[in-house]
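To get the numbering used here, take the position in the sequence shown, counting from 1, and add 440.
From the three backbone atoms N, C-alpha and C, an ideal C-beta is built for every residue, glycine too.
These notes are about the structure you will find just below.
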Amino acid sequence: MLKKLSLFGRIDRKESLDVMRAIIGFLEEHGVDVIVEESVSKALGLGEGVPLSELNEGEALITVGGDGTILRALLFVDLPVLPIKIGRIGFLTEVLWNEWRYALEKLLKGEFTIDERDRLEVQYKSKVFSLTNEVSFKGEKLDKINEFTVTFSSGGSWNLYCDGIIISTPTGSTGYVLSLGGPIIHPRVRGYIITPIAPYREPIRSLVLPEDEVIEVRPQNQGAYVILDGQILITISNKQKIEIRIDKNRKTRIIRIRKRGVIEDVFKKIKLENNQGSS
């Protein structure tokens, strides 16, 4: 049985705070130590919590929020994550906020599976980041078309004139890439995807790469903003490179309470998001 769990979530919504308060009470009643992230602890009036990186001391992570909450947490925390959904966007979540007790009972009984997925490793100079979804590139000047060169370790390069580029994992293929007309890639497919944003005279919508391919992306005519999982912003100069590959040392590990096919799950969520967006 799990004895120590970490908790992180949205603090800008009352229902999120209510659920996290209830989760802490439930876990403590069952003899589980709860490590609470510092902003959550303060919002709940619990005193001093810990920085995100110190949540790694738990055996698993519970997040309360949407996909953005998960992406932020997993930039710093390398634990299996049980996402509980509060908010509209939740492709990575299967547990709704009013199902938290059912999910935790299953978790404590060991009645769950771990869904492992590839991550991206992004290197800029000496800094290395591990990403769940994607890295995106956009030019510094909005009124100027961007030129990027993508160089492949297997040989060759791709020159692109476009508003930007997104490189995503199969997990990230249901995010920004999907809205650009890119493919949905099954999370068990080993590889990643390059998708230009509004390309000029470019017939290729997306390019799917194998897991052993390493690429370098360089802006050629101006500096660029590099956005990591929608959470971290880096500014690079013209000609500076970002190196991207599949992370060989780490996986995204999502705790699944229910047995449901990935394809079925994706189509249900796309339908739900579209219905909510039109209401």
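**OP:** Please list, in chain order, all residues of the same chain as Gly663 whose beta carbon is under 7 Å from its beta carbon, the five residues on each side excluded.
**Re:** Taking the sequence shown and counting its residues from 1, one reaches residue 663 at position 223. Same-chain partners within the cutoff: Glu580, Thr675, Ile676, Ser677 and Asn678.
**OP:** Consult DSSP for Glu468 and reduce its assignment to one of helix, strand or coil.
**Re:** Working through the sequence shown from its first residue, we reach residue 468 at position 28. Reduced to three states, the DSSP call for Glu468 is helix.
**OP:** Measure how close the beta-carbons of Ile684 and Phe552 come, nearest whole angstrom, since I'm counting them as under 8 Å.
**Re:** Position 244 of the sequence shown holds residue 684. Position 112 of the sequence shown holds residue 552. The C-beta separation of Ile684 from Phe552 comes to about 32 Å, leaving the pair out of contact by the 8 Å criterion.
Original post:
Per DSSP, Lys525 is paired with what?
Top reply: Residue mapping note: residue 525 aligns to position 85 of the sequence shown, counting from 1. DSSP, once it has assigned bridges, lists Gly505 and Leu536 as partnering Lys525.
Original post:
Among Thr692, Glu653 and His626, which has the Cα closest to the Cα of Thr591?
Top reply: Within the sequence shown, residue 591 is the residue found at index 151, counting from 1. The candidate whose alpha carbon is nearest that of Thr591 is Glu653.
Original post:
If you draw a straight line from the C-alpha of Lys682 to the C-alpha of Arg541, how long is it?
Top reply: As a working note, residue 682 is residue 242 in the sequence shown. As a working note, residue 541 is residue 101 in the sequence shown. At residue 682 the sequence reads Ile, which differs from the Lys that was named. Taking the straight line joining both Cα atoms gives about 43 Å.
**OP:** Look at Ala483 and Ile510 and say whether their C-beta atoms are less than 8 Å apart.
**Re:** Numbered from its first residue, the sequence shown carries residue 483 at position 43. Numbered from its first residue, the sequence shown carries residue 510 at position 70. The Cβ atoms of Ala483 and Ile510 lie no closer than 8 Å to each other.
Original post:
By how many angstroms is the C-alpha of Thr503 removed from the C-alpha of Gly596?
Top reply: Residue mapping note: residue 596 aligns to position 156 of the sequence shown, counting from 1. Residue mapping note: residue 503 aligns to position 63 of the sequence shown, counting from 1. So the two alpha carbons sit approximately 42 Å from each other.
Subject >> Span of the beta strand (DSSP E), counted from its first residue to its last, around Ala664 >> reply: Within the sequence shown, the letter at position 224 stands for residue 664. Where Ala664 is concerned, the enclosing beta strand (DSSP E) stretches over Ala664 to Leu668.
Original post:
Which whole-angstrom value is the C-beta distance of Thr692 and Arg559, which I expect to be below 8 Å?
Top reply: Residue mapping note: residue 692 aligns to position 252 of the sequence shown, counting from 1. Residue mapping note: residue 559 aligns to position 119 of the sequence shown, counting from 1. Rounded, the Cβ-Cβ distance is 5 Å, consistent with contact.
Original post:
At which residue ranges does the segment 613-660 contain complete alpha helix (DSSP H) runs of 4 or more residues, listed in the order of the chain?
Top reply: 616-619
**OP:** Quick one: grab the DSSP three-state call for Ser719.
**Re:** Position 279 of the sequence shown, counted from the start, is the residue given in the question as residue 719. For Ser719, the predicted model reports a pLDDT of 41, less than 50, meaning its position is unreliable and no value from the coordinates is stated.
Subject >> Pairwise C-alpha distance: Ile526 and Glu539 >> reply: For the purposes of this step, residue 539 is identified with residue 99 of the sequence shown, where counting begins at 1. For the purposes of this step, residue 526 is identified with residue 86 of the sequence shown, where counting begins at 1. Straight through space, the alpha carbons of Ile526 and Glu539 are spaced by roughly 11 Å.
**OP:** Assign Phe610 to buried or exposed, taking buried as 16 or more other Cβ atoms, counted over all protein chains shown, within 10 Å of its Cβ.
**Re:** Here residue 610 refers to the residue found at position 170 of the sequence shown. Residue 610 is actually Pro in this sequence, not Phe. It is buried - the Cβ of Pro610 has at least 16 other Cβ atoms within 10 Å.
Subject >> Leu445, DSSP secondary structure in three states >> reply: As a position in the sequence shown, residue 445 is number 5, starting the count at 1. Three-state result, Leu445: strand.
Original post:
In angstroms, rounded to a whole number, what distance separates the CA positions of Ala543 and Ser566?
Top reply: To locate residue 543, count along the sequence shown from 1; it is residue 103. To locate residue 566, count along the sequence shown from 1; it is residue 126. Distance between the alpha carbons of Ala543 and Ser566: 40 Å.
Subject >> Nearest neighbour of Leu647, chosen from Val459, Ser608, Val562 and Gly505 [CA to CA] >> reply: To locate residue 647, count along the sequence shown from 1; it is residue 207. Nearest of Val459, Ser608, Val562 and Gly505 to Leu647, Cα basis: Ser608.
Original post:
Expressed to the nearest angstrom, what Euclidean distance is found between the alpha-carbon atoms of Ile655 and Glu545?
Top reply: Numbered from 1 along the sequence shown, position 215 holds the residue referred to as residue 655. Numbered from 1 along the sequence shown, position 105 holds the residue referred to as residue 545. Each residue's alpha carbon lies about 44 Å from the other.
Subject >> Pairwise C-alpha distance: Glu477 and Asn573 >> reply: Taking the first residue of the sequence shown as position 1, residue 573 is located at position 133. Taking the first residue of the sequence shown as position 1, residue 477 is located at position 37. About 22 Å.
Original post:
When the Cα atoms are used, what is the spatial distance from Glu494 to Lys443?
Top reply: For the purposes of this step, residue 494 is taken as the residue at position 54 of the sequence shown. For the purposes of this step, residue 443 is taken as the residue at position 3 of the sequence shown. If you take the alpha carbons of Glu494 and Lys443, they lie about 16 Å apart.
**OP:** Taking 8 Å as the cut-off, decide whether the C-beta atoms of Gly498 and Ile475 are in contact.
**Re:** Here residue 498 corresponds to residue number 58 of the sequence shown, with the count starting at 1. Here residue 475 corresponds to residue number 35 of the sequence shown, with the count starting at 1. Less than 8 Å separates the beta-carbon of Gly498 from that of Ile475.
**OP:** Would you identify the three-state DSSP class for Ser597, choosing helix, strand or coil?
**Re:** Taking the first residue of the sequence shown as position 1, residue 597 is located at position 157. Correct three-state label for Ser597: strand.
Original post:
Should Phe448 and Ala513 be called a contact, given that it needs their Cβ atoms to be closer than 8 Å?
Top reply: Here residue 448 refers to the residue found at position 8 when the sequence shown is read from its first residue. Here residue 513 refers to the residue found at position 73 when the sequence shown is read from its first residue. Less than 8 Å divides the Cβ of Phe448 from the Cβ of Ala513.
**OP:** Measure the Cβ-Cβ separation of Val521 and Phe577 and say whether it is below 8 Å.
**Re:** Start at 1 with the first residue of the sequence shown, and residue 521 comes out as number 81. Start at 1 with the first residue of the sequence shown, and residue 577 comes out as number 137. No, these two residues do not count as a Cβ contact at 8 Å.
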